[in-house]
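Here's the structure, in structure tokens; my notes come after.
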């Protein structure tokens, strides 16, 4: 069995494949040259994995393309697969997140978009419908745009209960549904918004990314705009786990797909200084749900290092031991086949890396 690493960049999608347990990689691409690929998913619920790519062309606009042959060919529908109904008065900026639902819903795929909205597909990602309940939420007029835009960038189905779903957005915060998306409630208690007059609002936080624990699906981890948090009640309340990190600012938050309590992040100095802390290339890992953090840098560049890692430009696979991957804004992609203990270079000189996703295929 091979490992596929899908790398979305500002100028297309690159696919890296390893057939020797992630020791070496063969790279193809760019697929969709000169388009921004902000979202990628590898749907392994079907006999042949399906790749989904959220592409944004400066000429043709945003779309979602699918491939059922690992990128050898792509299906791009003539009609826009993700589009706002006319009565909303909204226009799709781009798709920020593509997330297959759980095993009980094999044809359902969720899409998070800019402007902040959630779409649902029941045909494996070929077409989507707006989830009106979130769009019509009374809080929506007060959601603001973060530095990267106003977008739903995190969609987390509950692995054991299809009725439960969590989304996160910048800005707006975390919202939860327990009735398959019919209604939504904010889940931001304990997350600070230092930039607002009320630093502990019901909603309005600039959450950067949320990840779900593999062993305990009620446990979530969040990287906020200054703040690193854990929830042990499925996002109802949060507590800080930033102690031990060199900074509480950053973008990615990645949980181990098959091991409880393990999570990785990539801290930056601050919102006003978006460089890696100490100008060093280091991933930080916790093996006890954020109780303690350790820096990981064996095999990563030494000396001054300045590129950032974006919220979806880090991921993990489900192998044993787990693989971890991240891409930088200067076009390097690094991989670890031992949960971050050591790293090797997968690719260099790519365009700005926007997202990475890995899976066994």
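In the numbering used here, the protein residues as written are 1 to 361. Positions of the beta carbon are idealized from the N, C-alpha and C atoms, including for glycine.
query                                                                                                                                                                       : result
Are residue 442 and residue 214 close, meaning C-beta to C-beta below 8 Å?                                                                                                  : A question about residue 442 goes unanswered here, because the residues of the chain that appear run from 1 up to 361.
Taking contact to mean at least 3 C-beta pairs separated by less than 8 Å, is the stretch 3-10 in contact with the stretch 337-355?                                         : yes
Using CA atoms only, rank isn't needed, just tell me which of 62, 358 and 36 is closest to residue 352.                                                                     : 36
Per the DSSP calculation, residue 228 is bridged to which residue(s)?                                                                                                       : 223
For residue 12, collect the residues of the same chain with a Cβ closer than 8 Å to its Cβ; drop the 5 residues on either side in sequence, then sort them by chain order.  : 29, 30, 31, 32, 33, 34, 35, 37 and 351
Measure the Cβ-Cβ separation of residue 43 and residue 100 and say whether it is below 8 Å.                                                                                 : yes
For residue 343, which beta-bridge partners are listed by DSSP?                                                                                                             : Looking at the DSSP assignment, residue 343 forms no beta bridge with any residue, so it has no partner.
Taking DSSP's pairing of strands, which residues face residue 31 in a bridge?                                                                                               : 13
Residue 17: which of 341, 342, 354 and 335 sits nearest, CA to CA?                                                                                                          : 335
In terms of alpha-carbon separation, which member of 69, 195, 281 and 285 lies closest to residue 243?                                                                      : 285
With C-beta atoms as the reference, is residue 323 less than 8 Å away from residue 358?                                                                                     : yes
Going by the DSSP bridge assignment, what does residue 357 pair with across the sheet?                                                                                      : 6
On the DSSP bridge list, what partners appear for residue 119?                                                                                                              : 111 and 130
Using 8 Å as the threshold, is the C-beta distance between residue 196 and residue 222 below it?                                                                            : no
Tell me which same chain residues have a C-beta within less than 6 Å of the C-beta of residue 57, skipping the five on either side of it?                                   : 35
Grouping DSSP H, G and I as helix and E and B as strand, with all else coil, what is residue 105?                                                                           : coil
Got a sec, what are the start and stop residues for the beta strand (DSSP E) residue 150 sits in?                                                                           : Per DSSP, residue 150 belongs to no beta strand (DSSP E) and is neither H nor E.
Taking Cβ positions only, does residue 281 come closer than 8 Å to chain B?                                                                                                 : As a matter of chain content, chain B is missing from the structure shown, which is built from one protein chain.
Which runs of the beta strand (DSSP E) at least 3 residues long sit entirely within the stretch 35-107? Give them in chain order.                                           : 36-43, 50-57, 61-67 and 94-100
Whole angstroms are fine: how far does the CA of residue 51 sit from the CA of residue 72?                                                                                  : 11 Å
On a Cα-Cα basis, can you pick out the residue from 108, 65, 275 and 113 that is closest to residue 90?                                                                     : 113
Among the residues of its own chain, which have a CB less than 7 Å from the CB of residue 194, if the five just before and after it don't count?                            : 226
For my contact list, residue 293 and residue 245 are in at a C-beta cut-off of 8 Å; report their separation, rounded to the angstrom.                                       : 5 Å
To the nearest angstrom, report how far apart residue 276 and residue 261 are at their CA atoms.                                                                            : 24 Å
For residue 26, name the three-state secondary structure that DSSP assigns.                                                                                                 : strand
Just to confirm my understanding: we take residue 339, look at its own chain, exclude 5 residues before and 5 after, and list those with CB closer than 6 Å. What are they? : 321 and 322
Check each candidate in 313, 186 and 316 and name the one with the smallest Cα separation from residue 238.                                                                 : 186
For a test of the three-state rule: what should DSSP assign to residue 293, helix, strand or coil?                                                                          : coil
With DSSP as the reference, label residue 212 as helix, strand or coil.                                                                                                     : strand
Distance, Cα to Cα, residue 360 vs residue 198?                                                                                                                             : 45 Å
Can you tell me the Cα-Cα spacing of residue 67 and residue 106, whole angstroms?                                                                                           : 16 Å
For residue 298, count neighbouring Cβ atoms within 10 angstroms of its own Cβ and tell me buried if that reaches 16, exposed if not.                                       : exposed
So residue 153 packs on residue 203, CB below 8 Å; how close in whole Å?                                                                                                    : 16 Å between Cβ atoms; not a contact.
Need the endpoints of the beta strand (DSSP E) that residue 167 sits in, please.                                                                                            : 165-170
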